[in-house]
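Trainee:
There are 2 protein chains.
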Amino acid sequence: MLTFDVLATDGEARRGKVTLDHGSVETPAFMPVGTAGTVKAARWSDVAGAGAEIVLANTYHLMLRPGGHLIREMGGLHRFVGWDRPILTDSGGFQVMSLAGSRKLTEEGVLFRSHLDGSPHLLTPERAARLQLGDFGVDVAMVLDECTPYPATRDEAARSMELTHRWARRGREAFVALGGGGGRSAQFGIVQGGMFPDLRRESAAAVAALGFEGVACGGVSVGEPKEEMRAIVEATGPILPAGRPRYLMGVGDPHDILHAVANGFDLFDCVLPTRAARHGLAYTSQGRIVIKQARYRADAAPLDPACACATCRSASRAYIRHLFMLGEPTAGTLLTVHNLTAVLDLMKGIREALAARRYAAFAAEAARRLDFGKDTR
Amino acid sequence: MLTFDVLATDGEARRGKVTLDHGSVETPAFMPVGTAGTVKAARWSDVAGAGAEIVLANTYHLMLRPGGHLIREMGGLHRFVGWDRPILTDSGGFQVMSLAGSRKLTEEGVLFRSHLDGSPHLLTPERAARLQLGDFGVDVAMVLDECTPYPATRDEAARSMELTHRWARRGREAFVALGGGGGRSAQFGIVQGGMFPDLRRESAAAVAALGFEGVACGGVSVGEPKEEMRAIVEATGPILPAGRPRYLMGVGDPHDILHAVANGFDLFDCVLPTRAARHGLAYTSQGRIVIKQARYRADAAPLDPACACATCRSASRAYIRHLFMLGEPTAGTLLTVHNLTAVLDLMKGIREALAARRYAAFAAEAARRLDFGKDTR
Chain D
-4 MLTFDVLATD
6 GEARRGKVTL
16 DHGSVETPAF
26 MPVGTAGTVK
36 AARWSDVAGA
46 GAEIVLANTY
56 HLMLRPGGHL
66 IREMGGLHRF
76 VGWDRPILTD
86 SGGFQVMSLA
96 GSRKLTEEGV
106 LFRSHLDGSP
116 HLLTPERAAR
126 LQLGDFGVDV
136 AMVLDECTPY
146 PATRDEAARS
156 MELTHRWARR
166 GREAFVALGG
176 GGGRSAQFGI
186 VQGGMFPDLR
196 RESAAAVAAL
206 GFEGVACGGV
216 SVGEPKEEMR
226 AIVEATGPIL
236 PAGRPRYLMG
246 VGDPHDILHA
256 VANGFDLFDC
266 VLPTRAARHG
276 LAYTSQGRIV
286 IKQARYRADA
296 APLDPACACA
306 TCRSASRAYI
316 RHLFMLGEPT
326 AGTLLTVHNL
336 TAVLDLMKGI
346 REALAARRYA
356 AFAAEAARRL
366 DFGKDTR
Chain A
-4 MLTFDVLATD
6 GEARRGKVTL
16 DHGSVETPAF
26 MPVGTAGTVK
36 AARWSDVAGA
46 GAEIVLANTY
56 HLMLRPGGHL
66 IREMGGLHRF
76 VGWDRPILTD
86 SGGFQVMSLA
96 GSRKLTEEGV
106 LFRSHLDGSP
116 HLLTPERAAR
126 LQLGDFGVDV
136 AMVLDECTPY
146 PATRDEAARS
156 MELTHRWARR
166 GREAFVALGG
176 GGGRSAQFGI
186 VQGGMFPDLR
196 RESAAAVAAL
206 GFEGVACGGV
216 SVGEPKEEMR
226 AIVEATGPIL
236 PAGRPRYLMG
246 VGDPHDILHA
256 VANGFDLFDC
266 VLPTRAARHG
276 LAYTSQGRIV
286 IKQARYRADA
296 APLDPACACA
306 TCRSASRAYI
316 RHLFMLGEPT
326 AGTLLTVHNL
336 TAVLDLMKGI
346 REALAARRYA
356 AFAAEAARRL
366 DFGKDTR
C-alpha cells in the first residue's frame, strides 16, 4: 500500500507523509543506504536512533548475497535483517552496470556475472519485480531501468529512455501480476532522458501514465556538472505527478537536497554520509571535520556542540580521533551515527520550515551554514 | 579509595562488594578488556548494557597511544574515553614482554622499543605508578611485576619472584608518594612464584606485608597445563588476605572462573569473550556457536534463546552469519555484546548462588552446561 498526503506546500516544495506497509514516513525524507541488508558500521538501533523512518537496500547485493531465495525463506527482508520500518529497494540495474564483473544489455534485460564469484545472472524487469516483491517483500520496489550514462548524445539518451519505458511497462505488469500495488507494497517508476529537458518531459509523461505509486528521477548524480544536474532537477521535479511521492535517486549532498526540495522532490538517498563517516569525515553545523587531523588530538569538544546524537553526547573529538588512529571500526560507527543524525536533522529542519511556509529563508540560511564536503573515496 | 565488604561466604568463596573512586563493583566480577581505551568492536553503552561494572585497560597500549601526557591533559582516562565507572589498568609489564619490538630487563625496570614505531621507552615500578595514578587516574593500578614465564625452574621462578618483590616495594612507595591509596585510587600487589606452591606462599606473605589495597595472583594462564594452573589457584587463593579483593589475572574461561571463585578469588579479566566474538564464536547456554558455519544459514533463532542481550533481542543467527560473511564489523559488534553478556550473566549467577550459599551445586551445574571453547587465535 501507499498513500501520500501533502500536508503543506511552499512554492513547488511539499511537506508530506507517505504511508507504507510498515509505517509512515514524514517527507521530505532521507533514506540511509543499507547496502546488503545493513547500514555499514551501524546497527538498526543506531539507524532508528538517528531518526531514520525508511532505509534503502540494494537488490544487486542482496540477490547475490544472501540471495532472494534465502530472504524469502526467512520471511522477507524486514524479518531477515530485523528492521520493522519501511524499506525501499533499488532495482539492481544501476549497480549491475557499475559493479558486476561483466554485463550485456539486451532488450530482455541485463546478463551479468557476479563480482563475487563470476556466477551468471539475468536481471529483467520481471525478475527485479519478483525479487523485490516476492522475495524481499519491501514497501517500495523500484522498476528496472537503464540508467543513462553521462555523457550521452541526444540519440543515445533517447534510445536509452525508450528502453527504460519498455522495461517500465513490463516491470509494472509483472509487479501487478504478482499482487503488488493497491493493498500490498508499492512500485516507483523511473524517469530518464539524460541531460535533455525535452526528453525528461517525454519520460515523465510516459512513466506517469503507467500507474506507478510513485515516480523517481534517475540518471542524475552520475558524473555530470552540478549545473546540469540542477537544470534537470528543475525541469523534472515540478512536472512529476503532484499526488505521488517524487524521489530523486542517489542525491545526498545537503545543498542538492535543499535545491531539489524547492523543486518538489520528497525522497532522497545517498551513501555519502555513511561512507564519509567510515573514512573519518564528520558533518557538522560549522562545516566538515576530518577527524584524523592533528588539530583534534586534544580536542575535548564533541564532533558538533550543536548536535544531540548518541555520539556527540558521549565521545570527544580527541577520543574518536584516537579510535580512528587505532584502526578501530568503532570510530566509523561513532561517525556514522553522527553523520546520519546530521542529515536526518537537516530533513527535520526542512519539514518544519515547509510547515511554517518559510522554506526559502531556511534553505538560504542552511546553504550558507552547511559544508558537508565531497565524497572522500 | 577502596573498601571491600564481604557480604557472604560459602566455603572459601566470597560474595562481596568493592567500592572505588568511580563506583562500586559487585564481586565476584569479570572485567571486560578495553585494551587501548576501548573494548574492541563495542561502544561504552554496549559494555554498560552488557552489565559491566568495571573494565580493564592496558597501560602498555595507552602509554604508546595516545600517551600518558595526552590522557592527563584530557582530564584522565575516564574523561578521555567517556566511561565513568571504575577502571583497572595493568602495569604494562606483561605486554611489554609479549608485544614490544625488543626489551631488556634490568633491576631498574624494562627498557623496550615500541612495536608501533620502534621508539625507546623505560618502564619502571615508579613510572608504572605515575602513568596509572598521575596520568590515567584509574580506580585500581597494578604494581609492576615480572610475570614469570612458563616453564621456569625453581631457581628461575625464585629469582623472578624476588625481583617482583623488590619492584613491589618501589612501586608501592611511588604510588603512596604520589598521593595514591587511602582516599584516592587503589593499588594491587601481584603474587608470583611460578608453579611452586611454596614460592607462592612466600610471595603471598611478602606482597600482603606491603599494604596494597588488593592482591592479585599473576603468572598463571601463561601456557601451563590446566592442572598446574588449578593447583596454583588452590594454593594461592585461600591464603591471600581475606579482607582485601583477590584478583586472578588473565583468567576468563568459565570453568576456570568457577574453580577460582571456589578458591576465594573475586576479580577476573580476559580478552577471550571479546576476541572470540570478533572471530565469529558465540558463547551460549547450549555450547558454542561458530557463526560462519553453513548450518546457521537459515537459522531464525537468536544466538542463545535463553539470553536477553541486545543482540539476542534483535538479530537472528542467519542475519549475523550474513553480516559475518559480508565482512561487516557489525557482526563482531553483535557477537561482542552477546559474549560479554554471557560472561557477565555467569558472574551474576555466581553471585546469586553465593548469596544463597548453594555455590557448589551451582558451579557443578554450570560447568556441565557451559562450553565456551578455546581462544580461536
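Protein chains in written order, with this note's numbering: chain D, -4 to 372; chain A, -4 to 372. Using N, Cα and C, we set each Cβ at its ideal position, and we do this for glycine too.
What are the start and end residues of the alpha helix (DSSP H) that includes V186 (chain A)?
Mentor: Careful: V186 (chain A) lies outside any alpha helix (DSSP H), inside the beta strand (DSSP E) at A181 to V186.
Trainee: Residues in the same chain with beta-carbon distance under 6 Å from P115 (chain D), minus the five sequence neighbours each way, listed in chain order, please.
Mentor: Excluding sequence neighbours, P115 (chain D) sits near R108.
Trainee: What are the start and end residues of the alpha helix (DSSP H) that includes D251 (chain A)?
Mentor: Its alpha helix (DSSP H) spans residues P249 to A257.
Trainee: Would you mind sorting D150 (chain A) into buried or exposed? The rule is 16 or more other CB atoms within 10 Å of its CB.
Mentor: Exposed.
Trainee: Between S180 (chain D) and the ligand GTP, is there a pair consisting of the residue's CB and a ligand heavy atom that are separated by less than 7 Å?
Mentor: You won't find the ligand GTP in this model; it holds no ligand whatsoever.
Trainee: Note down, in chain order, all residues in the stretch 22 to 37 of chain A with a beta-carbon under 9 Å from any beta-carbon belonging to chain D.
Mentor: Cβ contacts with chain D: T30, A31, G32, T33, V34, K35, A36 and A37.
Trainee: Following the continuous alpha helix (DSSP H) through D41 (chain A), name the residue where it begins and the one where it ends.
Mentor: Unbroken alpha helix (DSSP H) run through D41 (chain A): W39 to G44.
Trainee: Give the secondary structure of A136 (chain A) by DSSP, where H, G and I count as helix, E and B as strand, and everything else as coil.
Mentor: Note: A136 (chain A) maps to strand in three-state DSSP.
Trainee: Please list the partners that F75 (chain A) has in chain D, where partner means a Cβ-to-Cβ separation under 9 Å.
Mentor: Those within 9 Å of F75 (chain A) in chain D are A295, S311, A313, Y314 and H317.
Trainee: Between which two residues does the alpha helix (DSSP H) holding G327 (chain D) run?
Mentor: That run of the alpha helix (DSSP H) goes P324 to A350.
Trainee: The stretch 321 to 334 of chain D: which residues have C-beta closer than 8 Å to a C-beta of chain A, in chain order?
Mentor: Residues L321, E323, P324, T325, G327, T328 and L329.
Trainee: Listing by chain order, which chain D residues have their CB less than 7 Å from the CB of P61 (chain A)?
Mentor: Simply H317.
Trainee: Around the C-beta of G177 (chain D), are 16 or more other C-beta atoms found within 10 angstroms, so that it is buried, or is it exposed?
Mentor: G177 (chain D) should be labelled exposed.
Trainee: Can you list, in chain order, the residues of its chain whose CB lies under 8 Å from that of M69 (chain A), leaving out five sequence neighbours each side?
Mentor: Excluding residues within five positions, the ones whose Cβ falls inside 8 Å are F75.
Trainee: So for F170 (chain A), helix, strand or coil by DSSP?
Mentor: Helix at F170 (chain A).
Trainee: Flag L65 (chain A) as yes if its beta-carbon sits less than 8 Å from any beta-carbon of chain D, otherwise no.
Mentor: L65 (chain A) counts as touching chain D.
Trainee: Quick check on G104 (chain A): does DSSP put it in helix, strand or coil?
Mentor: G104 (chain A): coil per DSSP, three-state reduction.
Trainee: So the alpha helix (DSSP H) K287 (chain D) belongs to, where does it begin and stop?
Mentor: No alpha helix (DSSP H) contains K287 (chain D), which DSSP labels as neither H nor E.
Trainee: Kindly indicate if chain A contains any beta-carbon less than 8 Å away from that of R125 (chain D).
Mentor: Not one chain A Cβ lies under 8 Å of R125 (chain D).
Trainee: Alpha carbon to alpha carbon, how far is V186 (chain A) from A312 (chain A)? Give it in angstroms, no decimals.
Mentor: At residue 312 (chain A) the sequence reads Arg, which differs from the Ala that was named. Those two C-alpha atoms are separated by around 43 Å.
Trainee: By the criterion of Cβ-Cβ separation under 7 Å, what are the contact partners of M69 (chain D) in chain A?
Mentor: What M69 (chain D) touches in chain A: A293, A295 and A313.
Trainee: Skipping 5 residues on each side, what residues in its chain have a beta carbon closer than 7 Å to that of V171 (chain D)?
Mentor: Cβ within range, chain order: n/a, list empty.
Trainee: Among the residues of its own chain, which have a CB less than 7 Å from the CB of T371 (chain A), if the five just before and after it don't count?
Mentor: Reliability fails at T371 (chain A), whose pLDDT of 35 lies under 50, so the model's placement of it is uncertain and no value is given.
Trainee: Nearest CA to the CA of Q281 (chain A): which residue from A:A289, A:T269, A:K287 and A:P297?
Mentor: Nearest of A:A289, A:T269, A:K287 and A:P297 to Q281 (chain A), Cα basis: A:P297.
Trainee: Taking buried to mean at least 16 other C-beta atoms within 10 Å of its own C-beta, is K35 (chain A) buried or exposed?
Mentor: Under this definition K35 (chain A) is a buried residue.
Trainee: For W39 (chain A), go through chain D and note every residue whose CB falls closer than 9 Å to its CB, in chain order.
Mentor: Residues of chain D passing the Cβ test: S309 and A310.
Trainee: Short check: CB of F25 (chain D) to CB of V13 (chain D), under 8 Å?
Mentor: No.
Trainee: Within a Cβ cutoff of 6 Å, which residues of the same chain sit near W78 (chain D), ignoring the five residues on either side of it in sequence?
Mentor: Correct list, in chain order: W39.
Trainee: According to DSSP, which residues form a beta bridge with C212 (chain D)?
Mentor: Partner(s): D:V186 and D:L243.
Trainee: Counting along the chain, where does the beta strand (DSSP E) carrying L65 (chain D) start and finish?
Mentor: That residue, L65 (chain D), is in no beta strand (DSSP E); its alpha helix (DSSP H) goes G63 to E68.
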